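Trainee: Chains as they are written, first to last, in the numbering used here: chain A, 1 to 565; chain B, 1001 to 1186. Backbone N, C-alpha and C define an ideal beta-carbon position, used for all residues, glycine too. Since this is a predicted model, take the numbers as computed values, not measurements. Let me begin by handing over the structure; questions about it come next.
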Amino acid sequence: MNSEISGILFMFAASLAIGIPLGKYIARVYAGEKTLLDPVMNPVEKLFFRISGINAGKEMNWKQHMVAMLMINMIWFLLGMFVLMNQSWLPLNPDGNPNMSSDLAFNTSISFVVNCNLQHYSGETGLSYLGQLFLMFLQFVSAATGMAAAAILFVALKEKTTTQLGNFYNFFLKSITRVLLPLSMIIAVIFLLNGMPMGFEAKDSFTSLQGDTVQVSRGPVAAFVPIKHLGTNGGGFFGANSAHPLENPNYFTNIVEMIAQLIIPFAMIFAFGFYLRKRKLSRMIFAVMTIGFLLLAIPNIIMEVKGNPAIAAMGIDNSLGAMEGKEVRFGAAASGFWSIVTTVISTGSVNAMHDSTMPLSGMNELLAMMINAFYGGCGVGLLNFFIFIILAVFISGLMVGRTPEFMGKKVEAREIKIAMIIALLHPLLILAGTALSSYLVVNNPANAAWLNNPGHHGFSEMLYEYTSSAANNGSGFEGLGDNNLWWNISTGFVLILSRFLPIIGPVAIAGLLAQKKYIPASAGTLKTDTSTFGIMIFAVIVLITALAFFPALALGPIAEYFNLR
Amino acid sequence: MKEHFFSAIRLTVVSMLLCSVVYVLLISGIATITPQKGKGELITVNGKTYYANIGQKFTDDKYFWSRPSAVDYNAAGSAGSNKGPSNPDYLATVQARIDTFLVHNPGVKKSAIPVDLVTASGSGLDPHISVLAANVQLKRIAKIRGIAEPNLEELILTYTEKPLLGLFGPERINVVKLNIALDQLK
């Protein structure tokens, strides 16, 4: 058991050790300073911009940034619909997998464009290799979109008054060429050396020792899995995601995949501090996030290691923990840890099935996505946290009777309104979606077939699906029968709204702040890089989440917990 | 707006070439010079090839059993059971697995059955079992195959995979490799 705990500590420490210098590097990349990859990548970027007819030096205001972002995202979505609905006759389809239905293609294309990767299909039967490679492309660009949006925030919060916030395409392309692609290559090579397949042949088949003939799905897995984690996308190549022994062959690859999904969210927090020369502020942000993360992760590890009391009551040896839905090579502890990492950041890849985790573990996974700002997804985690900072600035400003200010800029009614709308959008989408689905289940017995489990757990399956969609997470209580018109369409709309509004909102606030006059800090300024302010942010997060979500959680996981004892 | 539209299309095309073609070709190229040639870890015994990482269904009494699987170890697909911890049908299934195990392993105490042997894995393809799970089946195998128990103990010890660097992760046994070795013991 000790080796399981030390494995977790190592994963966290190693991610931090890589995340901090990576943050410094990312800050230099967005600031346009000299970096290691200049000789290779400068000509490539120049060529790309020339072909695209883009002047990367042309600065944009926040609205132009958002127009550029929405336009290119729309093109990816339409292209995705085309590929997924025509993959059966397009090349690279040795297994002869069929086209996706229009509603499934709608859901899948949106889901990968918005960095969620909710998957209402299984890769083995639902996608051709061309489809996989296209979705892999979306994993690169959706992560780069989030990072570019965070870069706009960096520029906007500099100590000057401006409307010019850098160039969207420049931030976007550099996120790929300088960060995502080089790191993916390194990690892919590690995976190749650890038994991950990489090829384009059709399914293999063999006869087992016992004489059963079985097939083995394979494909270009080693190229796909690195970006799935680096970009906090989480969409699996195979149906079982990173629980699949070809997608995560051993404990070492598990460590690498864990580090890969943590480093960029970590790095973006530190990049923020390096870029703005406010390292104390980024340390405070990191501390608040880490406390929140640990408060969710530690109970999960304990509950998964303790195991299912209902199975313990049967009188068997329960010392391995809650093994339903888990792999022996990872064990209960590392799986419990992963279940929170993947939900606080918006990865949504799984190395164990969340549907089978203990009731309160499931609650913590839900809470992680309901808050969606402890570390958070590639770039967007910081944007989500920024909303909570603005709210905390406002509330503490009111409490001490000072004008709310952040980074030397006055926070006024307009910014607060935007922040409040974004903060409330998340619970609205989750709770309204769950309520509607519950109504459909109760009023039409045929819809009860959606649920893989009865009672409170069935309710949790629906709550989880909308929470995962609204948090752009992509993990699921996968027992839910979600490949049908209702789920494909309803979660599709939740996905779009909860991706782009929470990007536009914070960028708008930052853009508005950037236009304001810079007020140098004085004795009367509310300091935002102190632990007191950190506690304030934490309190705001807890308050909003608890008030919005407690009733739903009480009906689902909490009720199940009390029934299981 | 129009300018954004055409720029976006062209930028999409070139970045797709970079991410989905150049990158993939490069990784495929590197794969061909790695030891496993990008085919996954294969084991070839007596001219038959198995995947070291893809578990197999072992329900025969003469083999070490593998874990229950939601996809019956057919790696054409992959899935867990997704049963919730309080689901009454699921708990009945687990109880039935315990009873079956006891019937096939007379003399084994219920309290010695480790939980991984009666619960399905996340992928349905888990190639591993715990060390406890191998040991609890030792008597049955010894009796059916007529192998002395110490020899089997040694086999289990040989195939026990230690934590990474002795530090990280759980101990486990690859049940495919173990059963291949078991067949060769005779």
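Can a CB atom of chain B be found closer than 7 Å to the CB of Leu246(A)?
Mentor: Interface residue, yes.
Trainee: What is the DSSP secondary structure of Ser490(A), counted as helix, strand or coil?
Mentor: Helix at Ser490(A).
Trainee: Under a CB-based cut-off of 7 Å, is Phe1005(B) close to chain A?
Mentor: By this cut-off, Phe1005(B) is an interface position.
Trainee: Would you list, in sequence order, the uninterrupted alpha helix (DSSP H) runs of no fewer than 4 residues that lie entirely inside the segment 212 to 246 of chain A?
Mentor: Complete alpha helix (DSSP H) runs here, min 4: 221 to 230.
Trainee: Which residues bound the alpha helix (DSSP H) around Leu36(A)?
Mentor: Leu36(A) -> no alpha helix (DSSP H), and no H or E assigned at all.
Trainee: By how many angstroms is the C-alpha of Leu547(A) removed from the C-alpha of Ile421(A)?
Mentor: Each residue's Cα considered, the two are about 16 Å apart.
Trainee: Does any residue of chain A bring its CB to less than 7 Å from the CB of Ala1142(B)?
Mentor: Chain A, which has no Cβ nearer than 7 Å to the Cβ of Ala1142(B), makes this no.
Trainee: According to DSSP, is Asp103(A) part of a helix, a strand, or is it coil?
Mentor: If DSSP states are grouped into helix, strand and coil, Asp103(A) belongs with the helices.
Trainee: In its own chain, which residues sit with a C-beta less than 6 Å from the C-beta of Asn61(A), not counting the 5 before and 5 after it?
Mentor: Excluding sequence neighbours, Asn61(A) sits near Thr163.
Trainee: Check the Cβ of Tyr1073(B) against every Cβ in chain A and list those closer than 9 Å, keeping chain order.
Mentor: Ser208, Asp212, Val214, listed in chain order.
Trainee: Using a Cβ-Cβ cutoff of 7 Å, what residues of the segment 16 to 30 of chain A are near chain B? List them in chain order.
Mentor: Here the close residues number zero.
Trainee: For the segment 320 to 352 of chain A, which residues have a beta carbon sitting closer than 9 Å to at least one beta carbon of chain B?
Mentor: Those residues of the segment 320 to 352 of chain A that come within reach of chain B (Cβ to Cβ, closer than 9 Å) are Leu320, Gly321, Ala322, Met323, Glu324, Gly325, Lys326, Glu327, Val328, Arg329, Phe330, Gly331, Ala332, Ala333, Ala334, Ser335, Val350, Asn351, Ala352.
Trainee: Using DSSP with H/G/I as helix, E/B as strand and the rest coil, what is Thr1187(B)?
Mentor: Past the edges of chain B, shown from 1001 to 1186, lies residue 1187(B), and the structure says nothing about it.
Trainee: Just reading off the alpha helix (DSSP H) that Arg1145(B) is part of, what are its end residues?
Mentor: Run containing Arg1145(B): 1138 to 1145, per the alpha helix (DSSP H) assignment.
Trainee: On the DSSP bridge list, what partners appear for Glu1161(B)?
Mentor: DSSP, once it has assigned bridges, lists Arg1172(B) as partnering Glu1161(B).
Trainee: Anyone know if the C-beta pair for His1128(B) and Arg329(A) falls short of 7 Å?
Mentor: Their beta carbons are under 7 Å apart, which means His1128(B) touches Arg329(A) by this criterion.
Trainee: In chain A, which residues lie with their C-beta within 7 Å of the C-beta of Ile1098(B)?
Mentor: Those are Met314, Ile316, listed as they occur along chain A.
Trainee: I'd like the list of long-range same chain contacts for Met1126(B), defined as Cβ closer than 8 Å, with 5 residues on each side in sequence excluded.
Mentor: Rather than Met, the amino acid found at residue 1126(B) in this sequence is Asp. Cβ within range, chain order: Gly1055, Ser1066, Arg1067, Ser1069.
Trainee: Tell me, please, whether the segment 473 to 484 of chain A touches the segment 383 to 399 of chain A by the rule of three or more beta-carbon pairs shorter than 8 Å.
Mentor: Result no; under three Cβ-Cβ pairs closer than 8 Å.
Trainee: Alpha carbon to alpha carbon, how far is Ile298(A) from Ser242(A)?
Mentor: Those two C-alpha atoms are separated by around 21 Å.
Trainee: DSSP three-state label for Phe1058(B), please.
Mentor: Of the three classes helix, strand and coil, the one that applies to Phe1058(B) here is coil, per DSSP.
Trainee: If you compare alpha carbons, which of Leu276(A), Asn443(A), Gly195(A) is closest to Lys1039(B)?
Mentor: Checked all of Leu276(A), Asn443(A), Gly195(A); the closest Cα to Lys1039(B) is Gly195(A).
Trainee: Determine the chain A residues that contact Thr1049(B) at a beta-carbon separation under 8 Å, and present them in chain order.
Mentor: What Thr1049(B) touches in chain A: Phe206.
Trainee: At which residues does the beta strand (DSSP E) containing Phe206(A) begin and terminate?
Mentor: Per DSSP, Phe206(A) belongs to the beta strand (DSSP E) from 204 to 207.
Trainee: Of all the CB atoms in chain D, is at least one closer than 7 Å to the CB of Ile1043(B)?
Mentor: Of the protein chains in the structure, A and B, none is chain D.
Trainee: Can you give me the Cβ contacts of Leu183(A) inside the same chain, cut-off strictly under 6 Å, excluding the 5 residues immediately before and after it?
Mentor: The answer, listed in chain order, is Leu230.
Trainee: Could you tell me which uninterrupted alpha helix (DSSP H) segments, each at least 4 residues in length, are contained entirely in the segment 370 to 445 of chain A, listed from first to last along the chain?
Mentor: Complete alpha helix (DSSP H) runs here, min 4: 380 to 400, 413 to 443.
Trainee: Please classify Leu480(A): does DSSP put it in a helix, a strand, or coil?
Mentor: Three-state DSSP puts Leu480(A) in coil, outside helix and strand.
Trainee: If we define contact as Cβ-Cβ less than 7 Å, is Phe171(A) a contact residue for chain B?
Mentor: Closer than 7 Å: no.
Trainee: Helix, strand or coil: which one does DSSP assign to Tyr1051(B)?
Mentor: It is a strand residue.
Trainee: Give the C-beta separation of Met11(A) and Ile255(A) to the nearest angstrom, bearing in mind that I take them to be a contact with Cβ-Cβ under 8 Å.
Mentor: That pair is a contact at about 5 Å.
Trainee: Could you give the DSSP three-state label for Asp1072(B): helix, strand or coil?
Mentor: Asp1072(B): coil per DSSP, three-state reduction.
Trainee: On the DSSP bridge assignment, give the partners of Leu1042(B) in chain order.
Mentor: DSSP output for Leu1042(B) lists Tyr1051(B) as bridge partner(s).
Trainee: What does the alpha-carbon distance come out to for the pair Ala568(A) and Asn318(A)?
Mentor: Limits of chain A in this structure are 1 at one end and 565 at the other, which puts residue 568(A) out of reach.
Trainee: Give every residue of the same chain whose Cβ lies closer than 7 Å to the Cβ of Lys275(A), excluding the five residues on either side of it in the sequence, and list them in chain order.
Mentor: Looking at the sequence shown, residue 275(A) is not Lys but Tyr. Within the same chain, Tyr275(A) has close Cβ partners Ala27, Tyr30, Ala31, Phe154.
Trainee: Return helix, strand or coil for His120(A), following the three-state DSSP convention.
Mentor: In this structure, His120(A) counts as coil in the three-state DSSP scheme.
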